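Residue numbers (mature numbering (1 follows the signal peptide of the UniProt record, and there is no 0)): -20 to -1, 1 to 67.
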């Protein structure tokens, strides 16, 4: 029974990460996005070729070129040529 409970908790933890949005920077230089989630705002610097997970429960994102998007937490934002696109 104890093993079953540990396995169930592990699945819940691993499954929670699958619902986070991610950002992929395809540019050759770092890019910054601004994320507003739960009333707090933070800047995320995404290095060249880097992928970062964020926004697990919905958020607003300001792309490097100033465009804004609403995310539910399951999307992928792709940055290319300084512009972000939701996929």
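Note that the Cβ used here is the ideal one computed from N, Cα and C, for glycine as well.
None of the values given here were measured: they were computed from a predicted structure.
### Query
In the DSSP assignment, what residue or residues form a beta bridge with residue 1?
34
### Query
Which class does residue 11 belong to by DSSP, given the choice of helix, strand or coil?
strand
### Runs of beta strand (DSSP E) lying entirely within the stretch 16 to 61, each at least 3 residues, in chain order
20 to 26, 31 to 34, 39 to 42, 48 to 51, 56 to 60
#### Entry: Alpha carbon of residue 18 to alpha carbon of residue 39, nearest angstrom
7 Å
### Task
Would you mind reading off the limits of the beta strand (DSSP E) that contains residue 6?
Counting along the chain, residue 6 falls outside any beta strand (DSSP E), and DSSP gives it neither H nor E.
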